[in-house]
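2 protein chains.
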Amino acid sequence: MKNIDFTNVNITGGFWYNRQEINAKTTAQAIYDKFSETGRFDALKHDWTNGMPNKPHIFWDSDIAKWIEGVAYILEKNDMPDLEEICDNAIDLIEKNQADDGYFNSYFQVVEKDKRFTNRDWHELYCLGHLIEAALAYKHATGKDKLLNCCLRYVDLVYRIFLVEDSAAFHTPGHEEIELALVKLWHETHDARHLELAKHFIDKRGVQKEVPEDYWCNDAYFQSHLPVREQKTAEGHSVRAVYLYSGMADIAFETGDKTLLDACKVLLDDIIEHKLYITGGIGQSSVGEAFTVPFDLPNSTAYTETCAGIGLIYFASRMQKFFVDSRYGDLIERILYNGLISGVSLDGRAFFYENPLEILHAERERNVSVPRQNPRFPATRRSEVFSCSCCPPNFLRLIASLGNYICSVDDDNIYLHQYISSSIKVDDEILLSQKTDYPNNGRVEIIVKNAKNKTINLRIPAYTKNNYSVLVDGGKDTEEVENGYHSIKCKSDLTMIILDFDVTPKLNFSSPDVWGNANTVAVTAGPVVYCAESIDNVENLHSLYIPENFEYSLSTDEELDVPTIQINGKISVKSFDGLYGQSRKFEDALIRLIPYYAFANREECDMLIWLNIL
Amino acid sequence: MKNIDFTNVNITGGFWYNRQEINAKTTAQAIYDKFSETGRFDALKHDWTNGMPNKPHIFWDSDIAKWIEGVAYILEKNDMPDLEEICDNAIDLIEKNQADDGYFNSYFQVVEKDKRFTNRDWHELYCLGHLIEAALAYKHATGKDKLLNCCLRYVDLVYRIFLVEDSAAFHTPGHEEIELALVKLWHETHDARHLELAKHFIDKRGVQKEVPEDYWCNDAYFQSHLPVREQKTAEGHSVRAVYLYSGMADIAFETGDKTLLDACKVLLDDIIEHKLYITGGIGQSSVGEAFTVPFDLPNSTAYTETCAGIGLIYFASRMQKFFVDSRYGDLIERILYNGLISGVSLDGRAFFYENPLEILHAERERNVSVPRQNPRFPATRRSEVFSCSCCPPNFLRLIASLGNYICSVDDDNIYLHQYISSSIKVDDEILLSQKTDYPNNGRVEIIVKNAKNKTINLRIPAYTKNNYSVLVDGGKDTEEVENGYHSIKCKSDLTMIILDFDVTPKLNFSSPDVWGNANTVAVTAGPVVYCAESIDNVENLHSLYIPENFEYSLSTDEELDVPTIQINGKISVKSFDGLYGQSRKFEDALIRLIPYYAFANREECDMLIWLNIL
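Chains as they are written, first to last, in the numbering used here: chain A, 7 to 620; chain B, 7 to 620.
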């Protein structure tokens with residue numbers, strides 16, 4: 007199976023059209039402005055010296071690279087000469103300052119010149135990985151190959167150092183990313199060394215101990231506690247983990263290595279079954295930005311980095327090529343509508359690094375007499391830039407290339423994974439178009455042209471259960487769902503399908519294993535998770551209760567321009583003196599919910615997804 | 007009103023008789039053995055030198071003092087020459103090694119000889135306070151005044167240094183305790199300087215900043231953030247806080263200082279209304295062993311030190327002298343049957359410093375890839391000794407002097423606060439005796455002799471609500487309850503009262519403000535809080551649900567010899583794949599509960615008080 011590339015997909019309207027508009031028109035420039043202000047672009051000049059402001063950082067090159075990549079994807083569909091000029095200038099500086107031997111790094115060529123490839127955790131290969139992805143994207147969008155040529159020279163050096171000489175102080179990257187980038191590069195170059203180098207980094211990982219004794223974290227943090235094929239559980243830094251797993255899936259796909267594929271499947275199952283927030287977030291702890299233990303899904307301290315959600319989309323979309331299994335499309339949809347877009351403000355200018363599932367101000371300054379030891383909690387407001395600004399440009403490139411995740415094909419089948427108004431050039435003949443107000447409305451109109459005898463496989467989201475209908479050329483289709491897909495054989499060159507999913511509000515329960523969510527529910531409408539903010543409700547959101555048979559009404563928040571759900575709920579009120587008593591008392595309360603992705607767009611307040619069930 | 011002293015109270019049977027037996031026969035010796043092994047008694051020899059094991063610690067004198075005090079209380083009722091000899095030997099060493107100027111401290115006379123009174127947080131005055139309490143107790147029990155005379159010499163020195171010369175590096179103690187001890191001393195000596203010194207430490211507290219800039223905690227940790235009369239909220243280290251408040255109440259009682267009494271009332275109200283666990287535990291955070299913010303009552307990280315519970319009994323029993331208010335007796339009862347005795351194993355040999363309300367093993371090693379940063383949780387097993395062993399001897403003295411908290415009197419009234427089988431010499435004429443299997447049974451038989459025309463005031467526990475009966479001389483008494491007390495005027499010289507409280511299992515809810523306990527209940531029977539342990543139930547205690555209209559049976563655990571409650575409850579079982587779904591499914595489950603005080607007396611497992619309500 008192969009995924010249809012976003013360059014063959016035009017998003018034509020609705021929810022994601024608006025998001026892409028904001029992404030191209032506002033977010034790209036907003037990130038540039040902040041990166042420029044903070045010296046990230048100037049760092050490419052390699053003229054920083056001690057005492058100057060804006061000392062370059064080891065991962066700044068990757069920030070620039072992701073931004074260029076995102077802009078390249080925007081340029082595929084838009085003529086934006088100002089952004090292109092910024093890219094050209096940055097690339098000129100990269101070319102100018104690349105070392106004679108091919109090395110390029112705006113930190114290690116400027117700040118610590120003698121530290122090249124001496125510390126595994128210093129992100130050099132990670133930065134190169136992002137530069138490769140940017141170079142490929144930029145060449146495809148503009149035809150300009152200057153950055154790609156720089157990367158090729160640098161990859162030659164890396165091949166020599168890591169594969170021929172084994173002369174670096176380490177053997178595999180501390181922050182994975184270059185693996186998947188090298189596979190992409192190989193698709194462009196067909197240079198066998200590029201695939202070989204990617205495979206080398208995968209194969210050597212975890213084969214020997216690479217973390218010094220007494221280091222602040224252990225090998226699991228870097229996913230190098232075991233050879234990758236022996237890893238059964240998702241461990242450590244969650245962004246690094248899913249980048250690695252994506253690279254592993256790429257190598258499995260290109261080489262047919264079933265042992266790698268098996269590992270990928272087990273790892274993704276571990277995430278889905280044990281370590282995934284309802285928002286699609288992963289990385290339960292800020293300590294190591296890491297996966298923790300199964301079913302440990304704390305809400306107010308959830309780390310759930312935006313980048314980890316993006317990486318999980320990468321991983322799941324790769325797995326979607328191997329297996330017809332709607333869990334992967336469901337997972338991508340869960341991330342897209344929740345933990346991904348919660349990472350950016352509705353105006354496209356400010357970002358969350360972490361995406362907690364609860365904000366409870368009262369607990370944040372609990373150590374009143376030892377304030378310095380107050381616990382760490384995620385930020386409650388999005389920020390225009392932060393020192394580790396990996397997420398904003400990652401978001402930029404994901405949204406700009408969203409078309410990648412909609413459709414895939416094999417010889418006889420077309421698989422439609424995501425319902426997004428779009429026209430899709432499936433191949434030279436087949437055209438597929440969708441028209442929908444999804445997720446606000448469950449109706450999706452699909453027209454498939456020139457696909458006679460092909461089978462169209464439509465993902466039936468798990469949330470809709472059996473509450474959906476499929477009309478094919480006006481007649482009801484009652485085919486059984488298999489592996490989460492509803493299959494329709496096209497009988498002519500024009501097939502018209504009307505899907506209708508149940509996107510009315512539903513209560514969601516956590517598995518009983520998730521101790522922290524016992525006796526609570528999360529409200530969803532279609533794929534969208536809703537939350538309560540204090541500003542719309544009461545200060546103490548834990549006093550609200552949703553009846554199991556709840557009545558509701560739908561509305562729109564004029565200020566936020568998002569749908570809202572009003573639930574006829576209850577509020578627990580005090581019925582005794584002191585802290586403990588033998589009764590509880592409820593009064594009626596209208597509980598007003600907004601989509602989780604829209605939280606923290608007004609004044610600062612508490613927020614809660616998992617509300618008490620009555 | 008004055009509290010009847012335990013020397014006039016004999017506990018004659020039932021729950022506390024057994025506890026006092028174990029305390030006298032096992033616990034006193036067990037603590038001695040461990041204190042001896044760890045060098046605490048040898049430290050009194052003042053012969054430790056560098057390189058020797060068991061380096062003395064700044065608070066070891068207080069450990070010895072509390073042990074002597076506890077033994078003295080035991081000696082009041084028991085002939086135990088072995089224990090008395092140990093005390094005599096220890097006291098001989100103290101006398102022998104007391105400095106010429108009266109100073110005595112086994113750390114600062116031996117280890118850091120030039121550091122006397124240089125650091126407010128080094129517990130010198132705290133140790134002296136405990137030595138004074140021990141000296142008074144030991145003189146009363148044995149007639150021997152050697153330790154008292156040592157203390158008087160030391161107090162003379164402290165009076166000169168702190169009150170006359172103001173020559174120490176600080177003005178008030180970092181760890182309060184000496185204040186209440188000095189008031190006790192004044193009762194013995196009638197030396198006005200002793201009351202003056204106590205008042206001095208109270209009055210000067212918080213008047214000037216005593217915490218250096220950049221110290222690890224702020225003034226609130228030491229309750230010196232404000233002059234004590236201006237303090238409205240319980241702050242900082244919880245043991246220190248309630249010792250201070252007890253001293254404030256003592257001074258208020260002796261001097262009639264209403265501003266101090268008002269502060270005490272507000273502070274105790276703050277604890278009862280905002281910061282008290284259902285077990286009577288206080289000190290919500292291990293960081294600073296401190297009070298945190300209102301309604302922040304996390305269960306699995308609760309600090310709730312045994313000593314803090316003891317200190318809160320001291321404070322509440324003092325407030326009981328000022329006000330007829332059953333909240334104070336309720337509070338003492340809550341601590342006695344729960345957070346106090348949870349601090350010792352059923353065999354009396356091992357101790358908890360912290361008394362958490364939940365044990366959830368799964369969350370303890372959540373930072374799998376950064377194990378060193380795993381969160382701090384309380385111990386799950388009682389220990390025979392720990393480096394900071396303040397709790398074991400504190401427990402010893404509290405249990406041995408439990409009779410202090412049963413009864414108080416004023417000119418016309420007798421107040422019966424606690425229902426414990428006992429005979430009480432109220433004054434030279436009046437005798438009151440109780441016979442009961444409380445708390446296992448709600449029936450209490452009371453006989454009052456020679457109290458004609460006095461009013462007997464019986465605390466009606468809040469938990470019993472209106473489900474109780476009072477028979478007076480065989481006739482039903484229907485007097486209204488006022489301030490939580492039921493009043494009976496004795497019409498003759500022999501009054502027979504039969505009380506019957508409802509001690510059947512009840513569900514307890516937290517105030518809606520307590521966010522962490524929403525949608526859960528705690529089961530109590532009379533004053534006893536019950537808990538579920540995994541060993542009796544399922545591994546995942548958060549999958550258990552108690553129906554609001556629950557059926558139950560009562561039984562006895564043969565191994566633990568404690569009552570048990572079996573509830574016909576429900577268990578949440580998985581009804582969907584993955585972590586989230588739109589349904590929940592319950593199956594019947596017998597939920598077996600034991601008294602909280604008996605938890606962790608078998609093999610290590612999870613424990614939970616606040617169970618889901620269905």
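Glycine residues also receive a C-beta, built at the ideal position from the N, C-alpha and C atoms.
query: When Cβ atoms are compared, which residues of the region 368–379 of chain A fall closer than 8 Å to chain B?; result: 368, 369, 371, 372, 373, 374, 375, 376, 377, 378 and 379
query: Counting only beta-carbon separations shorter than 8 Å, does residue 579 of chain B have a partner in chain A?; result: yes
query: Give, in chain order, every unbroken run of the alpha helix (DSSP H) that is at least 4 residues long and sits entirely within the region 386–456 of chain A.; result: 397–406
query: Within its chain, find whatever has a CB closer than 6 Å to the CB of residue 542 of chain A; leave out the 5 residues flanking it on each side and keep chain order.; result: 598
query: Taking only beta-carbon atoms, is residue 519 of chain A less than 8 Å away from chain B?; result: yes
query: Name the chain A residues whose beta carbon is nearer than 9 Å to that of residue 301 of chain B?; result: 368, 546 and 585
query: Alpha carbon to alpha carbon, how far is residue 88 of chain A from residue 496 of chain A? Give it in angstroms, no decimals.; result: 45 Å
query: Could you tell me whether the region 500–510 of chain B touches the region 475–485 of chain B, where touching means 3 or more Cβ pairs closer than 8 Å?; result: yes
query: Just to check my reading of the structure: residue 465 of chain A and residue 491 of chain A have Cβ atoms closer than 8 Å, yes? What is that Cβ distance to the nearest angstrom?; result: 6 Å
query: Sorted by chain position, which residues of the same chain lie with C-beta nearer than 6 Å to residue 36 of chain B's C-beta, five sequence neighbours on each side aside?; result: 355
query: Out of A:584, A:518, A:573 and A:618, which one is the CA nearest neighbour of residue 280 of chain A?; result: A:518
query: Please report the straight-line C-alpha distance between residue 7 of chain B and residue 555 of chain A, rounded to a whole angstrom.; result: 56 Å
query: Residue 230 of chain B: which of B:126, B:194, B:461 and B:441 sits nearest, CA to CA?; result: B:126
query: Give me the chain B residues within the contact set of residue 291 of chain A, using Cβ-Cβ distance strictly less than 7 Å, ordered along the chain.; result: 372 and 373
query: Please name the residue or residues paired with residue 144 of chain B in a DSSP beta bridge.; result: Residue 144 of chain B is not bridged to any residue.
query: Rank B:198, B:566 and B:559 by C-alpha distance to the C-alpha of residue 5 of chain B and give the top, closest one.; result: Missing from the structure shown is residue 5 of chain B; chain B here goes from 7 to 620 and no further.
query: Taking C-alpha atoms, which residue in B:405, B:261 and B:277 lies nearest to residue 316 of chain B?; result: B:405
query: Nearest to residue 605 of chain B by CA position, among B:350, B:410 and B:419, is which residue?; result: B:350
query: What are the boundary residues of the beta strand (DSSP E) that includes residue 677 of chain B?; result: This structure cannot settle anything about residue 677 of chain B, because the visible part of chain B is limited to 7 through 620.
query: How about residue 311 of chain A and residue 407 of chain A: are their beta carbons less than 8 Å apart?; result: no
query: According to DSSP, simplified to helix, strand and coil, what is residue 488 of chain B?; result: strand
query: Residue 563 of chain B bridges to which residues according to DSSP?; result: B:568
query: Are the C-beta of residue 358 of chain B and some C-beta of chain A separated by less than 8 Å?; result: no
query: Can you name the residues that DSSP bridges to residue 9 of chain B?; result: B:414
query: Please report whether the beta-carbon of residue 514 of chain A lies at a distance below 8 Å from any beta-carbon of chain B.; result: yes
query: Does any residue of chain A have a CB that is nearer than 8 Å to the CB of residue 223 of chain B?; result: yes
query: Which stretch, first to last residue, makes up the beta strand (DSSP E) that contains residue 530 of chain B?; result: 526–531
query: Kindly list the residues whose CB is nearer than 8 Å to the CB of residue 377 of chain B, restricted to its own chain and excluding five residues on each side of it in sequence; keep chain order.; result: 371
query: Please list, in chain order, all residues of the same chain as residue 608 of chain A whose beta carbon is under 6 Å from its beta carbon, the five residues on each side excluded.; result: 541
query: Along the chain, where does the alpha helix (DSSP H) containing residue 205 of chain A start, and where does it finish?; result: 198–210
query: Using only CA atoms, which one of B:501, B:12, B:118 and B:328 lies nearest to residue 268 of chain B?; result: B:328
query: Exposed or buried, which one is residue 313 of chain B when buried takes at least 16 other CB atoms within 10 Å?; result: buried
query: How long is the line joining the alpha carbons of residue 320 of chain A and residue 39 of chain A, rounded to whole angstroms?; result: 27 Å
query: Would you mind giving the Cβ-Cβ distance between residue 283 of chain B and residue 337 of chain B, rounded to the nearest angstrom? I have them listed as a contact below 8 Å.; result: With a Cβ gap of about 11 Å, residue 283 of chain B and residue 337 of chain B do not count as contacting.
query: Counting C-beta neighbours from all protein chains within 10 Å, is the total for residue 286 of chain B 16 or more, i.e. buried, or is it exposed?; result: buried
query: Given this structure, state the Cα-to-Cα distance separating residue 226 of chain B from residue 219 of chain B, to the nearest angstrom.; result: 13 Å
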